[in-house]
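In the numbering used here, the protein residues as written are 280 to 465. Encoded as structure tokens, the structure appears first; notes follow it.
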């Protein structure tokens, strides 16, 4: 028995030497020590990283689901328990069936050429948008020019009104002067 035990220890030491394969300072380190060190390094590296910790939790769940004992317990559920699970989800199942039926009714619309051509229409929409921007800038220029024209027209009308008022005053003055002289007015 001691011979077999010694042979096993020698094999373990050779395996450790092959696995560790570091320098002479780590020849005395066992596989268990290396695994513990690796585990500590992994814990330190993943602390504070929520996404990685979430993945580790998911791995634990996957291990649990892949465990043959867990699978056996799930398979041994009675038909009554399975029926209870289905009945408890009945409302959700009915809602999903209704949603699927509605989606099936909308399938012709979703598979129509209008929806399929949507990516092609985006380039046309870009062209229309550029055209609209050009037209908007042209309209703004026309509005500005129209305002300038209206301002000039208003100034001209004011000047003409002032000129007519001046002529009216001049004519009134001339008429007074003629009436005072008793001259016939032409």
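From the three backbone atoms N, C-alpha and C, an ideal C-beta is built for every residue, glycine too.
| Asked | Found |
| --- | --- |
| Mind checking whether residue 335 and residue 325 have CB atoms under 9 Å apart? | yes |
| Identify whether residue 330 lies in helix, strand or coil by the three-state DSSP scheme. | helix |
| Only counting runs of 3 or more residues, tell me where the beta strand (DSSP E) segments fall wholly within the stretch 434-460, in order along the chain. | none |
| Using the Cα positions of residue 428 and residue 419, report the straight-line distance between them to the nearest angstrom. | 14 Å |
| Looking at residue 329: is its Cβ nearer than 9 Å to the Cβ of residue 309? | no |
| Hey, how far is the Cα of residue 457 from the Cα of residue 446? | 16 Å |
| According to DSSP, is residue 309 part of a helix, a strand, or is it coil? | coil |
| Indicate, with yes or no, if the ligand GDP has a heavy atom lying under 8 Å from the CB of residue 343. | Among the ligands in the structure shown, none appear at all, so the ligand GDP cannot be discussed. |
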